[in-house]
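J.: The opening residue of the sequence shown carries number 701 in the working numbering; numbering runs sequentially from there. For every residue, glycine included, the Cβ atom is placed at its ideal position computed from N, Cα and C.
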Amino acid sequence: MHVELYERIWMWAAGALLLLFLGAIFLTAGLHAVQPPSHIETVDPTTLADHPEFGKPGVATRADGSVVVSVVAQTFSFSPDPIEVPANRPVTFRLTSADVVHGFEVVGTNANAMAIPGYVSQFTVTFPEPGEYIVGCNEYCGTLHHNMVGKLIVKESP
Ligand code: CUA
Numbered sequence: 701m702h703v704e705l706y707e708r709i710w711m712w713a714a715g716a717l718l719l720l721f722l723g724a725i726f727l728t729a730g731l732h733a734v735q736p737p738s739h740i741e742t743v744d745p746t747t748l749a750d751h752p753e754f755g756k757p758g759v760a761t762r763a764d765g766s767v768v769v770s771v772v773a774q775t776f777s778f779s780p781d782p783i784e785v786p787a788n789r790p791v792t793f794r795l796t797s798a799d800v801v802h803g804f805e806v807v808g809t810n811a812n813a814m815a816i817p818g819y820v821s822q823f824t825v826t827f828p829e830p831g832e833y834i835v836g837c838n839e840y841c842g843t844l845h846h847n848m849v850g851k852l853i854v855k856e857s858p
């Protein structure tokens with residue numbers, strides 16, 4: 701079969717782009733631990749106020765010393781704020797939204813997930829050093845989206 705030279709060039713160019721983009725996915729997955737969500741849990745966003753966990757969002761310590769942070773995102777704030785967690789211990793974030801889709805990104809780390817009404821997003825991270833982080837909403841959620849900022853304080857482990 702005869703394929704024109706220009707057509708051949710574009711076919712190879714398209715193939716090279718595919719490999720480039722696939723490579724970018726594998727690279728970020730491998731080096732930056734960027735993964736699709738794996739936790740599926742639902743919650744009724746209309747009755748969050750009465751929910752045993754999300755009715756009183758906050759930080760809890762489990763018997764094994766690990767820490768669980770329940771966060772409710774709502775236009776245009778996070779609750780609790782600030783969030784205080786210990787350094788050098790696994791911290792499991794459990795996020796949900798009371799209204800629209802929000803983002804929850806601990807700026808400068810790979811802790812980053814969407815807060816989706818009706819679902820609980822969960823991920824676990826360990827912050828090795830004490831410090832302060834900005835928590836930003838990175839999903840456009842309304843006119844004051846740019847003001848939706850919280851604070852995470854990582855304290856020396858007791
Ligand atoms: Cu919440 Cu943007």
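Determine whether the Cβ of Asn847 lies closer than 8 Å to any Cβ atom of chain D.
T.: The question asks about chain D, but that chain is absent: this structure has only one protein chain.
J.: Out of Ala763, Glu829, Leu718 and Pro817, point me to the one whose CA is closest to Thr775's CA.
T.: In the sequence shown, residue 775 corresponds to position 75, counting from 1. Here the closest residue by C-alpha is Pro817.
J.: If you draw a straight line from the alpha carbon of Phe804 to that of Val743, how long is it in whole angstroms?
T.: By one-based count along the sequence shown, residue 804 stands at place 104. By one-based count along the sequence shown, residue 743 stands at place 43. Each residue's alpha carbon lies about 18 Å from the other.
J.: Three Cβ pairs or more, each shorter than 8 Å: is that satisfied between the segment 835-846 and the segment 751-769?
T.: Flag = no, the segment 835-846 and the segment 751-769 do not touch.
J.: Closest to Arg683 by CA distance: which of Thr824, Asp781, Leu731 and Gly831 is it?
T.: Here the chain comprises residues numbered 701 to 858, so residue 683 is not present and cannot be evaluated.
J.: What are the boundary residues of the alpha helix (DSSP H) that Phe823 is part of?
T.: In the sequence shown, counting from the first residue as 1, residue 823 sits at position 123. It is not in any alpha helix (DSSP H) - Phe823 instead sits in the beta strand (DSSP E) that spans Ser821 to Thr826.
J.: Whose C-beta lies closer than 7 Å to the C-beta of Asp781 among residues of the same chain, with five residues either side of it excluded?
T.: Taking the sequence shown and counting its residues from 1, one reaches residue 781 at position 81. Hits under 7 Å: Gly850 and Lys851.
J.: So what does DSSP say about Gly713, is it helix, strand or coil?
T.: Reading the sequence shown from its first residue, position 13 is the one you call residue 713. The question names Gly, yet the displayed sequence has Ala at residue 713. Of the three classes helix, strand and coil, the one that applies to Ala713 here is helix, per DSSP.
J.: Note down the Cα distance separating His739 from His702, rounded to an integer number of angstroms.
T.: By one-based count along the sequence shown, residue 739 stands at place 39. By one-based count along the sequence shown, residue 702 stands at place 2. Taking the straight line from one Cα to the other gives about 51 Å.
J.: Please state if the CB of Val734 and the CB of Asn810 are separated by a distance shorter than 8 Å.
T.: Walking along the sequence shown from the start, residue 810 turns up at place 110. Walking along the sequence shown from the start, residue 734 turns up at place 34. Result yes, Cβ atoms of Asn810 and Val734 sit closer than 8 Å.
J.: What do you reckon, is the C-beta of Glu839 under 7 Å from a heavy atom of the ligand CUA?
T.: Stepping through the sequence shown from its first residue, residue 839 is reached at position 139. Yes, the ligand CUA has a heavy atom inside 7 Å of this Cβ.
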